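Asks: Under my numbering, read the sequence shown as residues 1 to 195, first letter to last.
A virtual CB, placed ideally from N, CA and C, is assigned to each residue, including glycine.
From a predicted model like this one, the values you see are computed outputs, not experimental measurements.
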Amino acid sequence: MDHHDPDQIMRRFGPPMAELAEFPTDALIERFAIGVQRLDPRAYELDEAMLDTAFRKEAEVGVWPVRMLIGHLADSEIFSTLRLRKTVAEEAPMLEGWDPDAYIDAGLYALRPPAGDGDSPKASIGASTATIHTLRSWTRDWLRTLEPKAWDRRAMHVERGEFTVKRLLALSTWHLEHHAVFLHRKINLLLGSQP
Numbered sequence: 001m002d003h004h005d006p007d008q009i010m011r012r013f014g015p016p017m018a019e020l021a022e023f024p025t026d027a028l029i030e031r032f033a034i035g036v037q038r039l040d041p042r043a044y045e046l047d048e049a050m051l052d053t054a055f056r057k058e059a060e061v062g063v064w065p066v067r068m069l070i071g072h073l074a075d076s077e078i079f080s081t082l083r084l085r086k087t088v089a090e091e092a093p094m095l096e097g098w099d100p101d102a103y104i105d106a107g108l109y110a111l112r113p114p115a116g117d118g119d120s121p122k123a124s125i126g127a128s129t130a131t132i133h134t135l136r137s138w139t140r141d142w143l144r145t146l147e148p149k150a151w152d153r154r155a156m157h158v159e160r161g162e163f164t165v166k167r168l169l170a171l172s173t174w175h176l177e178h179h180a181v182f183l184h185r186k187i188n189l190l191l192g193s194q195p
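(1) May I ask you to report which of helix, strand or coil DSSP gives glutamate 159?
(2) Touching or not, the region 46-59 and the region 158-169, by the rule of three or more beta carbon pairs under 8 Å?
(3) Could you give the distance in angstroms between the alpha-carbon of alanine 18 and the alpha-carbon of isoleucine 78?
(4) Can you name the start and end residues of the alpha helix (DSSP H) that isoleucine 104 belongs to?
(5) Quick one: using the 10 Å Cβ neighbour count with 16 as the cut-off for buried, is lysine 149 buried or exposed?
(6) By Cβ distance, which residues of its chain are closer than 7 Å to methionine 68, with the 5 residues on each side in sequence left out?
(7) Quick one: residues in its chain with C-beta nearer than 6 Å to the C-beta of alanine 33, no 5 flanking neighbours on either side, listed in chain order?
(8) Find out if the Cβ-Cβ distance for the pair leucine 73, serine 124 is shorter than 8 Å.
(9) Can you grab the Cα-Cα spacing for the pair aspartate 47 / arginine 154, in whole Å?
(10) Leucine 46 by DSSP, collapsed to three states: which one?
(11) So what does DSSP say about leucine 95, is it helix, strand or coil?
Rendered as structure tokens:
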């Protein structure tokens, strides 16, 4: 299996995206909306060094540090929200992909408070988590207003093919749940398993 192929990775944890897409619409919206609650709150117990600890592939928890993973989830949420709204608003739009590694290489997840500002080293993960929560709450409220036919509107993703609004929502729901599993495993390695 190619460990960098998103379609292969997506089959390994939780309900597969295709199964989520079969949920009743109201149930899928609610599952999507509580996504941030799936993130292990012990992330806020990590010190600066732990937040930036990278992992070897052999650990099977994903290689990204916790700070990077949570930042990635916030960026992904921004893209997901735009894709959902674009698919409802525009006629058969093209949806661009994005390169998460480029965001890492650009240092976008290296956010730390300047010395002497008194901010917690956890401020960056707090801001990322708040972004996810806010976008999901806003999107949930908007999705509840959609007419049934809007769920079948289609868009073409340049890398992954055709998506309906419902399938895009299933992908976003799955993506966070998938990474939440890795986050929990990382934190177990850093702090020990929860009792």
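Replies: Quick look at the numbers:
(1) Position 159 of the sequence shown holds residue 159. Here glutamate 159 sits in coil by DSSP.
(2) Touching, no, given that fewer than three Cβ pairs across the two stretches are closer than 8 Å.
(3) Counted from its first residue, the sequence shown places residue 18 at position 18. Counted from its first residue, the sequence shown places residue 78 at position 78. Rounded to the nearest whole angstrom, the C-alpha separation of alanine 18 and isoleucine 78 is 22 Å.
(4) For this step, residue 104 is matched to residue 104 along the sequence shown. For isoleucine 104, the enclosing alpha helix (DSSP H) has its first and last residue at 100-105.
(5) Here residue 149 corresponds to residue number 149 of the sequence shown, with the count starting at 1. Counting C-beta atoms within 10 angstroms of its own C-beta, lysine 149 has fewer than 16 neighbours from the protein chains shown and is therefore classed as exposed.
(6) The sequence position of residue 68 within the sequence shown is 68, counting from 1. Ile104, Tyr109.
(7) Walking along the sequence shown from the start, residue 33 turns up at place 33. Taken in chain order, the residues that qualify are Arg136, Arg140.
(8) What you label residue 73 is simply residue 73 of the sequence shown in a count that begins at 1. What you label residue 124 is simply residue 124 of the sequence shown in a count that begins at 1. Judged by beta-carbon spacing, serine 124 lies beyond the 8 Å limit of leucine 73, meaning their Cβ atoms are not closer than that value.
(9) Reading the sequence shown from its first residue, position 47 is the one you call residue 47. Reading the sequence shown from its first residue, position 154 is the one you call residue 154. Aspartate 47 and arginine 154: Cα-Cα distance of roughly 44 Å.
(10) Locating residue 46 in the sequence shown gives position 46, where the first residue counts as 1. Coil.
(11) In the sequence shown, the residue the question calls residue 95 occupies position 95. In the structure shown, leucine 95 sits in a strand (DSSP, three-state: E or B).
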